[in-house]
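Going down the list, the protein sequences come from chains H and D.
Its first residue numbered 181, the first sequence is counted upward by one per residue in our numbering.
Its first residue numbered 181, the second sequence is counted upward by one per residue in our numbering.
Protein chains: 2
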Amino acid sequence: MGTTMTGAKAMIRTLVGAGVTTCFANPGTSEMHFVAALDAEPGLRAVLGLFEGVATGAADGCARMTGVPAATLLHLGPGLGNGLANLHNARRAATPMVNIVGDHATGHERFDAPLQSDIATVARNVSPWIGRPAAPEELCRVTAEAVAAASAPPGQVATLILPADVSWSDGATPAPPLPDVTRTTVDDTVVDDVAAALRSGAPAALLLGGATLRRHHLAAAAGIAGATRARVLATTFVARTERGAGIPAVEKLQYLGELAATQLDGLRHLVLVDAAHPASFFAYPGKPSDLVPAGCTVHVLAGPADDALDALARVADLVGGKTDVAALPDAPLPARPTGPLTGAALAAAVANVLPEGAVVSDESATNSLWMSAATVGCPSHDWLQLTGGAIGQGLPVAVGAAVASPDRPVFALEADGSAMYTIQSLWTMARESLDVTTVIMNNRSYAILNMELARTGAGEAGPQARDLLDLSRPDIDFVRLAEGMGVPAVAAHTAEEAIEALERAAAEPGPHLIDAILQR
Amino acid sequence: MGTTMTGAKAMIRTLVGAGVTTCFANPGTSEMHFVAALDAEPGLRAVLGLFEGVATGAADGCARMTGVPAATLLHLGPGLGNGLANLHNARRAATPMVNIVGDHATGHERFDAPLQSDIATVARNVSPWIGRPAAPEELCRVTAEAVAAASAPPGQVATLILPADVSWSDGATPAPPLPDVTRTTVDDTVVDDVAAALRSGAPAALLLGGATLRRHHLAAAAGIAGATRARVLATTFVARTERGAGIPAVEKLQYLGELAATQLDGLRHLVLVDAAHPASFFAYPGKPSDLVPAGCTVHVLAGPADDALDALARVADLVGGKTDVAALPDAPLPARPTGPLTGAALAAAVANVLPEGAVVSDESATNSLWMSAATVGCPSHDWLQLTGGAIGQGLPVAVGAAVASPDRPVFALEADGSAMYTIQSLWTMARESLDVTTVIMNNRSYAILNMELARTGAGEAGPQARDLLDLSRPDIDFVRLAEGMGVPAVAAHTAEEAIEALERAAAEPGPHLIDAILQR
Chain H
181 MGTTMTGAKA MIRTLVGAGV TTCFANPGTS EMHFVAALDA EPGLRAVLGL FEGVATGAAD
241 GCARMTGVPA ATLLHLGPGL GNGLANLHNA RRAATPMVNI VGDHATGHER FDAPLQSDIA
301 TVARNVSPWI GRPAAPEELC RVTAEAVAAA SAPPGQVATL ILPADVSWSD GATPAPPLPD
361 VTRTTVDDTV VDDVAAALRS GAPAALLLGG ATLRRHHLAA AAGIAGATRA RVLATTFVAR
421 TERGAGIPAV EKLQYLGELA ATQLDGLRHL VLVDAAHPAS FFAYPGKPSD LVPAGCTVHV
481 LAGPADDALD ALARVADLVG GKTDVAALPD APLPARPTGP LTGAALAAAV ANVLPEGAVV
541 SDESATNSLW MSAATVGCPS HDWLQLTGGA IGQGLPVAVG AAVASPDRPV FALEADGSAM
601 YTIQSLWTMA RESLDVTTVI MNNRSYAILN MELARTGAGE AGPQARDLLD LSRPDIDFVR
661 LAEGMGVPAV AAHTAEEAIE ALERAAAEPG PHLIDAILQR
Chain D
181 MGTTMTGAKA MIRTLVGAGV TTCFANPGTS EMHFVAALDA EPGLRAVLGL FEGVATGAAD
241 GCARMTGVPA ATLLHLGPGL GNGLANLHNA RRAATPMVNI VGDHATGHER FDAPLQSDIA
301 TVARNVSPWI GRPAAPEELC RVTAEAVAAA SAPPGQVATL ILPADVSWSD GATPAPPLPD
361 VTRTTVDDTV VDDVAAALRS GAPAALLLGG ATLRRHHLAA AAGIAGATRA RVLATTFVAR
421 TERGAGIPAV EKLQYLGELA ATQLDGLRHL VLVDAAHPAS FFAYPGKPSD LVPAGCTVHV
481 LAGPADDALD ALARVADLVG GKTDVAALPD APLPARPTGP LTGAALAAAV ANVLPEGAVV
541 SDESATNSLW MSAATVGCPS HDWLQLTGGA IGQGLPVAVG AAVASPDRPV FALEADGSAM
601 YTIQSLWTMA RESLDVTTVI MNNRSYAILN MELARTGAGE AGPQARDLLD LSRPDIDFVR
661 LAEGMGVPAV AAHTAEEAIE ALERAAAEPG PHLIDAILQR
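This is how it looks when you write it as structure tokens:
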């Protein structure tokens, strides 16, 4: 009965009604009606990226900060392809996202026009939920289902394939949002089992992952640790970690399997809290992929869709654990660095500048260890990591985090090699005047691959092999790249220059880039 | 019996033995043994791209020029995703390519490590042939099959998924190449039918596509046209066209369906020669997708795997067609342009500079009409086009063409919006000292989308919509971008500056970029 309108308008109204208010877009012809409808439905803010990997990564970063789905707008199968790597990362981050992929009009498919491809097949890899409304009459129901699927714990990418004629035709009616799905309460038997294991006195650890690296979860885990001497560990790569002053620090499992195995050595109980069974990131000749030591029992306290905070609180109650976060000792800040700009000096510089409430997008690769260690005593902040191993996420996530949190300064700590995958992000930072300080860790190499080449036992690298891991010849001048996209930039060659540049960037609103030329 | 070696070494030896001598790579940890083996097997040249879309597009450009498969080396599913758009274009170009995607070791999959994904599912969309050897003993057989599948007419992307342990383990033996597959000879009945239709006197046209826009095919088609008054048309987007002085010119079907329909209006016979049934690129409300007029009979003279040159020659024999290419009139060159730098002036500038034997990678979007019209009378050259509609192909294809043809000057005619998808290509041009002159057609907008917004009938664009099609705020400074990646660059604001910059770039070897600031 109600008034009908074009699919595009009704879809946008449905999205906004369900709380989806930001869309990171790189549209083409098949999305033109959606684009044209934006002005009639101003509740949805559209942010342009010059490459789809920027749009998908930014939607990930945005939703990590808001907790509600962000949308994308991509152009057919190739647009989805360009966005796929950061959708992979979003899948691993369990980020709620409505991934809108425009398609040819339904009657046009049979001509196999140049841009025709099988969008659903590509999307399946990153998006458990896929919808493709065939008519404007069903578009808004499917849209509401997409938002609900994206939002249901733990969160996921939901892909809605939007044929151009479904978008442009009249006959659609906005749909109300579907009811929220809440997290599952963990059974008493599970809680009891974990509490008993932790009280047994045998060496034990909690391993926190997923959405549990937050202030309250960490406090509950710290209480359990205080009462039982269980250790608290965290998975290596986490979508969002609350850390800094007033928040219990947590020991991360190391990226290198050998080191992670040492951390887990001797454990008799490992309690997974929204965390996967620990395995090495890659396999290596003659090394085990499974990192859990023999004789260690693995308990699952909470899975990804469970209410892990409630489960942790109940375990804490059973073991008599409490944490007074106000009494936590302040972790020390590193001294103000001077001299050569090493990875450690740069990390100390960042730690000396990072303000209360900052959001850090960390894709610093080989320098991440320095960065996370140096900043643990900073004022409280959020730390966003690369979750799926597909590099090129850090700058887009910073874009999205800044769009989501305009009142919080964002720092993108970015390895040079990784930065080049989605360097177009800088343009969106400039266009939207985002308060992002990008620090390029410029070591002129895929340094992590030099390390991996040795670790894989592939033997001594010859000139061809070394060439493929080397980013010099020519050196990349990130100052010029940034300026070319409208972002003020400066190079830093010493710790003093780095500190000065960071302080200036922090003092001025809007985007900045610091090309930190690291000593090799 | 024979000596065995690691999978990586034997695979490279197999590739080289089958004629695959260039690999465009963006490797990660799972590809380290392949990388390390390159120095032992120097027949395979590895060229680094800083983004996978550069690698896949360059492999496409390389193979378009050599006619034999080029290889890629990509890092798991996300690497494939980043390369997918240009693999889509390569699929549409029927380019022979061996797309090597490294994967986790076979035993590592069950841990669902962060980079785990379903590679084959993603590849299926662009690669009809997919192989995944499970052991080094079968790797080289599968590799030889991949090369054969890629090479079989008309050419295709063949994806070989290479588990890390299959690459690093001993036990592989190089395999010899499989026999070549030749093109199919078209039946006499088909040739006779086409000849009869063309001799009927009813309005007729040949529509050439695929691999038939070459010197000899065009000469045969021109002979047929001379004898029968049939017109010779070409599909809008062609992987490689030989054109210029001494080569019969051909009328292209226009991108805009309305114009293409006008070109086909009144035809009674349309003869497809390695060309798809003409359809509009996109669908539009109330407009037909099928461009063939009512009452026109469509004949298929040759499909993609057929010997179209032989078929054309046989039709020419039957209709008594001959072409004396030496007697072809010279198409005029445009006058040396002066004054404001419009699209037409820039095209005239390029036409005045384009040397004999040049290779043009054309992704000039809205300016492509000017460019192709202005250059038809230039010395003979090759023209490579965007075949699949996934923008971001022009610069990578120029990289690959320059690697394949080091003695030929390459010109990349590149729209500003399209350039930004794979701008990392400039770095590879600098690293490899490729003789590529990139001309950015900088109109500070997705100009084609402004046109499409109007054509789709989406209504008047409001501020949000206009913003999504606009590339100013900030303007992109391509000179800085190029210099940041080691490519000498200059901006041109007038026709005189454009000519001067083009002449200087043509005179100096190595890469150059000209940021042509077009009048709006």
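By construction, the Cβ of each residue, glycine as well, lies at the ideal position given by its N, Cα and C atoms.
Extent of the continuous beta strand (DSSP E) run through residue i
{"i": "Ile620/D", "result": "Val616 to Asn622"}
{"i": "Glu663/H", "result": "Here Glu663/H belongs to no beta strand (DSSP E); instead the alpha helix (DSSP H) covers Phe658 to Gly664."}
{"i": "Pro316/D", "result": "Element bounds for Pro316/D: not the beta strand (DSSP E) but the alpha helix (DSSP H), Pro316 to Ser331."}
{"i": "Val590/D", "result": "Val590 to Ala595"}
{"i": "Gln565/H", "result": "His561 to Gln565"}
{"i": "Arg411/H", "result": "Arg411 to Ala414"}
Distance, residue j Cα to residue i Cα
{"i": "Trp563/D", "j": "Thr246/D", "result": "14 Å"}
{"i": "Arg635/D", "j": "Arg423/D", "result": "31 Å"}
{"i": "Pro333/D", "j": "Pro484/D", "result": "7 Å"}
{"i": "Val453/H", "j": "Gly241/H", "result": "23 Å"}
{"i": "Ser548/H", "j": "Asp542/H", "result": "7 Å"}
{"i": "Met181/H", "j": "Ser585/H", "result": "Any reading at Met181/H needs caution, since the residue's pLDDT is 44, under 50, leaving its predicted position unreliable; the model's value is listed next. Approximately 40 Å between the Cα atoms of the pair."}
{"i": "Val590/D", "j": "Pro343/H", "result": "38 Å"}
{"i": "Ser552/H", "j": "Trp607/H", "result": "27 Å"}
{"i": "Asp490/H", "j": "Ala375/H", "result": "14 Å"}
{"i": "Gln644/D", "j": "Met277/H", "result": "22 Å"}
{"i": "Ala463/H", "j": "Pro313/H", "result": "41 Å"}
{"i": "Leu575/D", "j": "Leu498/D", "result": "43 Å"}
{"i": "Gln443/H", "j": "Pro473/H", "result": "10 Å"}
{"i": "Pro383/H", "j": "Gly666/H", "result": "54 Å"}
Same chain, Cβ closer than 6 Å to residue i, neighbours up to 5 away in sequence not counted
{"i": "Ile310/H", "result": "Ala300, Ala303 and Thr339"}
{"i": "Arg271/H", "result": "Val306 and Val337"}
{"i": "Ile628/H", "result": "Ala545 and Thr546"}
{"i": "Gln604/H", "result": "Leu230, Phe231 and Val234"}
{"i": "Leu264/H", "result": "none"}
{"i": "Pro668/H", "result": "His692"}
{"i": "Leu526/H", "result": "Ala678 and Ala696"}
{"i": "Pro517/D", "result": "Ala525, Ala528, Ala529 and Ala675"}
Proximity test, residue i beta-carbon vs the ligand NAD heavy atom, cut-off 6 Å
{"i": "Ala300/H", "result": "In the structure on display, the ligand NAD does not appear, and there are no ligands present to speak of."}
Endpoints, alpha helix (DSSP H) assigned at residue i
{"i": "His396/H", "result": "Arg395 to Thr408"}
{"i": "Ala645/H", "result": "Pro643 to Leu648"}
Buried versus exposed, by CB contacts within 10 Å (16 or more), residue i
{"i": "Gly569/H", "result": "buried"}
{"i": "Pro458/H", "result": "buried"}
{"i": "Val616/H", "result": "buried"}
{"i": "Leu256/H", "result": "buried"}
{"i": "Asp657/D", "result": "buried"}
{"i": "Glu707/H", "result": "Past the edges of chain H, shown from 181 to 700, lies residue 707/H, and the structure says nothing about it."}
{"i": "Leu439/H", "result": "exposed"}
Residues of its chain near residue i, where Cβ-Cβ distance is below 7 Å and the 5 sequence neighbours each way are ignored
{"i": "Ala511/H", "result": "Ala429, Val556 and Gly557"}
{"i": "Glu211/D", "result": "Leu253, His255 and Gly282"}
{"i": "Gln296/H", "result": "His284 and Glu289"}
{"i": "Met185/H", "result": "Asp350 and Ala352"}
Residues near residue i by beta carbon distance below 8 Å, same chain, minus five either side
{"i": "Phe461/H", "result": "Thr416, Tyr435, Gly437 and Gly569"}
{"i": "Pro654/D", "result": "none"}
Residues of the region 601–617 of chain D with Cβ closer than 8 Å to any Cβ of chain H, in chain order: Correct list: Tyr601, Ile603, Gln604, Trp607, Ala610 and Arg611.
Using a beta-carbon distance cut-off of less than 9 Å, what residues from the region 248–270 of chain H approach chain D? Answer in chain order: Leu253, His255, Leu256, Gly257, Pro258, Gly259, Leu260, Gly261, Asn262, Gly263, Leu264, Ala265, Asn266, Leu267, His268 and Asn269.
Please name the residues in the region 295–310 of chain D whose beta-carbon is closer than 7 Å to at least one beta-carbon of chain H, in chain order. Against chain H - using a Cβ distance shorter than 7 Å - the residues of the region 295–310 of chain D are Leu295, Ser297, Asp298, Thr301, Val302, Arg304 and Asn305.
Counting only Cβ-Cβ distances shorter than 9 Å, please list the residues of the region 654–666 of chain H near chain D, keeping chain order. Residues of the region 654–666 of chain H with a Cβ closer than 9 Å to any Cβ of chain D, in chain order: Pro654, Asp655, Ile656, Asp657, Phe658, Val659, Arg660, Leu661, Ala662, Glu663, Gly664, Met665 and Gly666.
Residues in the region 577–600 of chain D having any Cβ partner in chain H nearer than 8 Å: Per Cβ criterion, the list reads Gly597 and Met600.
To be precise: take each residue of the region 676–694 of chain D, compare its Cβ to all Cβ atoms of chain H, and keep it if any distance is under 7 Å. Which residues remain? Answer set for the region 676–694 of chain D: empty.
Any residues in the region 489–521 of chain H with a beta carbon nearer than 8 Å to a beta carbon of chain D? Which ones, in chain order? In summary, no residue of the region 489–521 of chain H has a CB separated from any CB of chain D by less than 8 Å.
Interface residues of the region 349–368 of chain H facing chain D [CB-CB below 7 Å]: Cβ contacts with chain D: none found.
To be precise: take each residue of the region 542–557 of chain D, compare its Cβ to all Cβ atoms of chain H, and keep it if any distance is under 8 Å. Which residues remain? The region 542–557 of chain D vs chain H, Cβ under 8 Å: nothing.
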